[in-house]
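Visitor: Following the working numbering, the residues of the sequence shown are numbered contiguously, the last one being 366.
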Amino acid sequence: MSKKYILAFVVIVAVALSVSIWVSSRPTTFDLPKSNSTTLHTDPDWTFPPESGPAISLPDFRPVVAEVMPSVVSITTEIAVSDFFGRQYAEYVRGSGILIDDEGYIVTNNHVVEDAQSIYLELVGGRTFSADIVGTDSLSDLAVIKIDATDLPYAYWGDSSALSLGEWVLAVGNALGEGIIATQGIVSRLNVSVNVDGNTLYGLIQTTAAINPGNSGGPLVNMAGEVIGITSVKIIASEVEGMGFAISSDEAKPIIEDLIHHGHVTYPWLGVGSRTVTPSLAAASDLSVDEGALIEEVFVDDPADVAGLREGDIIIRFDDKEISNVADLVQAIRASEVGEEVEIVFVRGEETKTTSAQLVERPSS
């Protein structure tokens, strides 16, 4: 036999053996486990367990809407704007407001009425009024206006500190200028800070209740029909849904009182510029603490300067309040009084120090 045929014979034998081994290694039908589930696990007498879970009732928003809606007003403001050639024309801004007493005081947002030449509003029943500005505050985005009327339906002020995450709330307002409507949602976050056009709003309530143009200045209410927030802003982006914010009733209350009493808000002033200390900032800047308010600027002759605070100091306590971030510091200062002397604990390098500062009135600029 030639070498050529011998080689072909060896290849054929090798292939035949490999096929034989592969075939013989496959499990035959009698190697597979047989299922006997039909005989072991069936039960002709089985039924669903009795329904004994907790009884959960869905909220009924109808009485809340009936209670709150008469006190919500639609606001239209007229402002003068100029075109490219300097020609003036009227532009109209629509928003909402909430009656807070029976004598015509109405709370709304500052951005709804600022620069207004005239303000008109309509009650749910159809009555219309012109309104005058009592006072505005751009820092909090709150304003108070007044109409000449009495015996008006007003909303009850609530306690936003009693809110819980997941609690049902309603946003009521003049959405899209189409009249007063209500949207429901839950409380998503509390004590939120949001920067709006360079101004930071503090102590906000985040909610999933739909907030649309025209809702600004309307109330956010709890299931008791109490105002626990003033709707102010929402985040608008193609990938964002259900992120609306309201100024909490606890933040708004003293500001509203100041506006009604004095026509403006007086804020205490420490005289520092600061940023929040985070673990990443602490690591990058070799800071000895990973939270607090890092002083980046001290204004000359203001309370912080007089108290001996310097750039690079980290405020960790303001009177009896722990300071974890800039929002904590701002809210602690605003909760104080002009002329009040406060104790400040701060970190300088590795050392913790204490000083005191007498707060002054915030400069108008």
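Quick reminder that beta carbons are idealized off the backbone N, C-alpha and C, glycines included.
1) In whole angstroms, give me the CA-to-CA distance for valine 327 and aspartate 133.
2) Would you kindly work out how many angstroms separate the C-alpha atoms of serine 75 and glutamate 297, rounded to a whole number?
3) From Ile182, Ala91, Ser161, pick the residue whose C-alpha is nearest to that of valine 188; which is it?
4) Alpha carbon to alpha carbon, how far is serine 325 from serine 139? Give it in angstroms, no decimals.
5) Strictly by DSSP, which residues pair up with valine 113?
6) Give the secondary structure of arginine 88 by DSSP, where H, G and I count as helix, E and B as strand, and everything else as coil.
7) Below 8 angstroms on the Cβ atoms is my guess for serine 73 versus valine 108; work out the distance and round it to an integer in Å.
8) Would you mind working out which of Gly313, Ala253, Thr355, Asp287 sits nearest arginine 335, comparing C-alpha positions?
9) Which stretch, first to last residue, makes up the beta strand (DSSP E) that contains arginine 318?
10) Can you say whether glutamate 362 is buried or exposed, counting buried as having 16 or more other CB atoms within 10 angstroms of its CB?
11) Out of curiosity, what's the CA-to-CA distance linking valine 170 and serine 119?
12) Leucine 205: which of Trp47, Ser249, Asn223, Ala308 sits nearest, CA to CA?
13) For valine 173, which residues of its own chain have a beta-carbon under 7 angstroms away from its beta-carbon, when the five flanking residues on both sides are left out?
14) Does the beta-carbon distance from glutamate 344 to threonine 353 come in below 8 angstroms?
15) What separation, rounded to the nearest whole angstrom, lies between the Cα atoms of glycine 309 and glutamate 92?
16) Classify glycine 215 as buried or exposed, calling it buried when 16 or more other Cβ atoms lie within 10 Å of its own Cβ.
17) Run the CB neighbour count on proline 391, radius 10 Å, all protein chains shown included, and call it buried at 16 or more, exposed below.
18) Given a cut-off of 8 angstroms on the beta-carbon distance, is the pair glycine 186 and alanine 210 in contact?
19) Between aspartate 44 and the rest of its own chain, which residues show a CB-CB distance below 7 angstroms, the 5 nearest in sequence each way excluded?
20) For proline 55, count neighbouring Cβ atoms within 10 angstroms of its own Cβ and tell me buried if that reaches 16, exposed if not.
21) DSSP three-state call for arginine 128: helix, strand or coil?
22) Kindly indicate which three-state DSSP category isoleucine 257 falls into: helix, strand or coil?
Guide: Once the coordinates are examined:
1) 35 angstroms
2) If I take the Cα positions, the gap works out to 43 angstroms.
3) Per the Cα distances, Ser161.
4) 25 angstroms
5) Answer is none; valine 113 lacks a bridge partner.
6) coil
7) A quick correction: the sequence has valine, not serine, at residue 73. The beta carbons of valine 73 and valine 108 sit about 11 angstroms from each other, so the pair does not count as a contact at 8 angstroms.
8) Ala253
9) 315-319
10) exposed
11) 32 angstroms
12) When Trp47, Ser249, Asn223, Ala308 are compared, the shortest CA-CA separation from leucine 205 is found for Ser249.
13) Val69, Met70, Val73, Ile181, Ala183, Gly219, Pro220, Val222
14) no
15) 50 angstroms
16) Under this definition glycine 215 is a buried residue.
17) Because residue 391 is not part of the residues shown, which for the chain are 2 to 366, the question remains open.
18) Taking 8 angstroms as the Cβ cut-off, glycine 186 and alanine 210 qualify as a contacting pair.
19) Result list for aspartate 44: empty, nothing under 7 angstroms.
20) Exposed, since its Cβ has fewer than 16 Cβ neighbours within 10 Å.
21) coil
22) Of the three classes helix, strand and coil, the one that applies to isoleucine 257 here is helix, per DSSP.
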